[in-house]
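Here numbering that gives the first Met the number 0 is used: position 30 in the sequence shown is 29, and no number is missing along the way.
Below: one structure, written as structure tokens.
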Amino acid sequence: MINKDIIILGIESSCDETAVAVVKNGREVLSNVINTQIEIHTEYGGVVPEIASRNHIRNISTVFIESINQSGIGYDDIDAIACTYGPGLVGALLVGLSYGKALSFALGKPLVGVNHIEGHIASNYITYPELKPPFVCVMMSGGNTQIVLVKDYTSFEVLGKTRDDAVGEAFDKVARVVGLGYPGGPKVDELAKQGNDTIDMPKTHFENLDFSFSGIKTAVINLNHNNPKINKANLCKSFEKTITEILIENTNKAVDITGVKTVVLAGGVSANSYIRQEFLNLEKDGLKVYMPEMKLCTDNGAMIASAGYYSFINGKRDELSLNAVPNLKLSY
Ligand code: KG4
């Protein structure tokens with residue numbers, strides 16, 4: 000058998016980033032072009048789905064061409080087109096997916112649909128060439144929060160998930176009520192650095208590894224509403240610290256249940272400086288902890304190409320009838 004490099008083109012458009020990347024053998028990034036719409040949506044205090052879709056349409060060809068040019072490959076070098084098909088905003092997803100399907104048809108290359116969550120997990124394969132499953136993944140983004148046992152590159156077991164808000168959603172809401180604006184997570188992160196953990200916050204516990212973040216979110220809203228002079232930096236710090244404790248408590252339970260001592264962070268909230276530092280501290284307890292490099296924490300095409308590579312070599316091929324699935328779950 001000839002040992003040939005496998006080149007995957009990855010397309011991501013599930014929310015407010017239009018992104019296209021070229022990745023070799025699932026790990027080596029040849030290009031990773033991202034057009035973010037953050038500035039556009041800031042005016043509205045959050046992502047407006049219709050505006051996101053329209054901007055994806057406006058940008059996707061330019062992002063694609065720039066990604067091909069930066070990678071130095073020709074169309075013939077591409078082995079497959081990997082494309083996010085869920086979860087996410089349906090109109091936004093459809094833009095990237097339709098573009099991917101058109102490329103697949105025009106270039107005669109196989110189409111591989113990718114679950115966005117698998118993409119976030121795979122961002123770590125790019126940052127750490129030595130990382131291999133099994134590991135416990137703490138997936139925390141704007142739309143999802145779950146603890147996943149990654150048994151193999153394409154085999155997942157969800158051990159616990161949020162019963163209400165995603166952790167990123169809670170960060171964004173707290174930022175909004177405190178008056179920090181959008182995007183909330185990074186602003187709470189910055190303000191919390193100036194504060195102290197002086198305010199008690201509620202924690203919700205479950206028998207299993209599920210999460211709930213609506214109680215702590217409401218507590219922050221009420222504290223802020225009832226005490227107009229409250230120190231906002233202390234509020235942010237106390238919120239961030241309690242959220243981190245909740246994430247770490249469930250991670251430790253997952254490690255105990257599975258016996259797997261490798262912990263991997265994924266998703267936009269894994270860019271939080273306090274969460275990163277506290278998870279790294281778990282290495283003192285004998286765990287090995289990985290987290291994506293900052294530029295790969297939030298949405299990008301490289302992570303989709305990496306996840307697509309593992310699906311592709313595992314035999315996954317999709318028909319051109321593949322549709323967007325806004326509430327796509329991790330299959331296990
Ligand atoms: O993974 P992501 O880019 O999009 C989804 O797939 O949902 O995550 C976006 C989320 C937002 O809620 C954003 O506020 C949060 O990640 N985020 C952060 C930080 N950077 C981004 N949350 C806390 N601290 C940060 N530094």
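Glycine is no exception: its CB is placed at the ideal position from the N, C-alpha and C atoms.
Computed from a predicted structure; not experimentally measured.
query	result
Check whether I77 and S12 have beta carbons under 8 angstroms apart	no
Residue of V263, N326, L319 and P325 minimising C-alpha distance to K108	L319
Residues near T126 in its chain [Cβ-Cβ closer than 7 angstroms; skip 5 each side]	P291, E292 and L295
Heavy atom of ligand 1 within 7 angstroms of E117 beta-carbon	no
Between the CA atoms of R26 and M0 - distance to the nearest angstrom	Its pLDDT being 48, under 50, M0 is placed unreliably by the model, and the measurement read from it follows with that caveat. Going from the Cα of M0 to the Cα of R26 covers about 21 angstroms.
8 angstroms contact criterion, which I312 and I120 should meet: CB distance rounded	Not quite, the Cβ-Cβ distance comes to about 16 angstroms (not below 8 angstroms), so this is no contact.
M0, DSSP secondary structure in three states	In this prediction, M0 scores a pLDDT of 48, lower than 50, which makes its location untrustworthy; the coordinate-derived value is nonetheless stated afterwards. M0 falls in the coil class under three-state DSSP.
I274 and S237 closer than 8 angstroms at C-beta	no
Own chain, CB closer than 7 angstroms to N249, minus 5 neighbours either side, in chain order	I146, G159, L208 and F210
Pair within 8 angstroms by beta-carbon distance, L96 and L321	yes
Exposure label - F278; buried when at least 16 CB within 10 Å	buried
Three-state secondary structure assigned by DSSP to Y98	helix
Limits of the unbroken alpha helix (DSSP H) element including I72	It is not in any alpha helix (DSSP H) - I72 carries neither H nor E in the DSSP assignment.
Cβ neighbour criterion (16 or more within 10 Å) applied to N31	buried
Proximity of I64 and V94 at Cβ, strictly below 8 angstroms	no
Ligand 1 heavy atom lying under 7 angstroms from the CB of T41	no
Local Cβ density within 10 Å of I67, reported as buried at 16 or more and exposed below that	buried
Residues that DSSP places opposite V263 in a beta bridge	C136 and Y289
Every unbroken beta strand (DSSP E) inside the region 153-181 [3 residues or more]	154-160
Beta-carbon contacts of L327 that lie in its chain and below 6 angstroms, excluding the five residues immediately before and after	G85, P86 and N114
The region 149-166 in contact with the region 124-139 per 3-pair CB rule at 8 angstroms	yes
I229 (DSSP reduced to helix, strand or coil)	coil
Cβ distance (whole Å) where T261 is taken to contact K287 below 8 angstroms	5 angstroms
Under the three-state DSSP convention, the category Y309 falls into	helix
Test item: CB-CB of T41 and E16 under 8 angstroms	no
CB of C235 within 8 angstroms of CB of L281, strictly	no
Any non-hydrogen atom of ligand 1 within 7 angstroms of C82 CB	no
beta-carbon T197 near ligand 1 non-hydrogen atom, thresh 7 angstroms	no
Contact check, L110 vs I80, beta carbons under 8 angstroms	yes
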